[in-house]
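What follows is a set of notes on a single structure, which appears directly below.
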Amino acid sequence: MQRYFVAKEQMTDRHIHIIGDDVRHILRVMRMDVGDEIICSNNDSRTVKCCISSQTEKEIIADIIEELHPNTELPVHVTIAQGLPKGDKFELIVQKGTELGASGFLPYAAARSIVKWDKKKAGKKIERLEKIAKEAAEQSYRERIPTVYDIHSFAELKQELSSYDAVLLAYEESAKSGEQAKLVKTLTALSPRSSILIIIGPEGGMTEEEVSQLTEEGAIPCGFGPRIVRTETASLYALAAISYHFELMR
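Counting the sequence shown from 1 gives a position; this note's numbering is that position plus 4.
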């Protein structure tokens, strides 16, 4: 069944008011009509099944027929801090990371980031990534759309660390040395509803100075398995491991 996110003010006790691009999708792409059923979420843990009762080119009204409790969110809140990668890799990271349960994506400019986002480009990039996150959240039956944060400088990233219960730093030197315990040890010490920040460098990795500064601020350098993975793979590895630990093992 097709799923859509609506703002909280568009969802009342009995009705859903759908506006914007979703109207076109319902009418033109899905070719739905009065009587068809859809699922809507208010991006705040309320998800309902509803039936389209009226439609125009600008608005669709649907009657709520059932409250749903899909329970599809990760038990912990995971934010991916991603050093700016080349090409469209960030789009892949957001799409697949959303499907795997990430709560947010924080782009930052690392010393070895080849790509640079100026203010104008950053705004368009964030808008594009937000759209990808919304579509991926709908596809994967999420109850919440992950937040895509504005681009951060490295200094701004460091200031964010204290607001998380745990900060894990993907560090290839740890993987090369055979370190495999810190990720598991950190996850074991956490409980549901904890907040985790996963910091990943760009294609060239992080400099020793960046690693040192983040470690001083409380980040835990760790390897993600014995193999060296690409920057666009690291967050997916971490999210899969977190899902296994907090969902499949309990």
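Each residue gets a CB set at the ideal place from its N, CA and C atoms; glycine is no exception.
query                                                                                                     : result
At least 3 beta-carbon pairs within less than 8 Å: the segment 58 to 76 vs the segment 220 to 238         : no
CB-CB length for LEU104 against LEU240, believed under 8 Å                                                : 6 Å
GLN59, enclosing beta strand (DSSP E) - first and last residue                                            : 51 to 59
Local Cβ density within 10 Å of ARG254, reported as buried at 16 or more and exposed below that           : exposed
Whole-Å CB distance - GLU207 paired with LYS90, under 8 Å assumed                                         : 6 Å
SER167, DSSP secondary structure in three states                                                          : helix
Contact set for THR151: own chain, Cβ-Cβ below 6 Å, skip 5 residues either direction                      : GLY108
Contiguous alpha helix (DSSP H) assignments of at least 4 residues, all confined to the segment 99 to 146 : 123 to 143
Option in LEU78, ASP48, ILE22 and LYS100 with minimal Cα separation from LYS62                            : ILE22
Within 7 Å, strictly: CB atoms of LYS139 and GLU77                                                        : The sequence shown places Glu at residue 139, rather than the Lys named in the question. No, the Cβ-Cβ distance between GLU139 and GLU77 is not below 7 Å.
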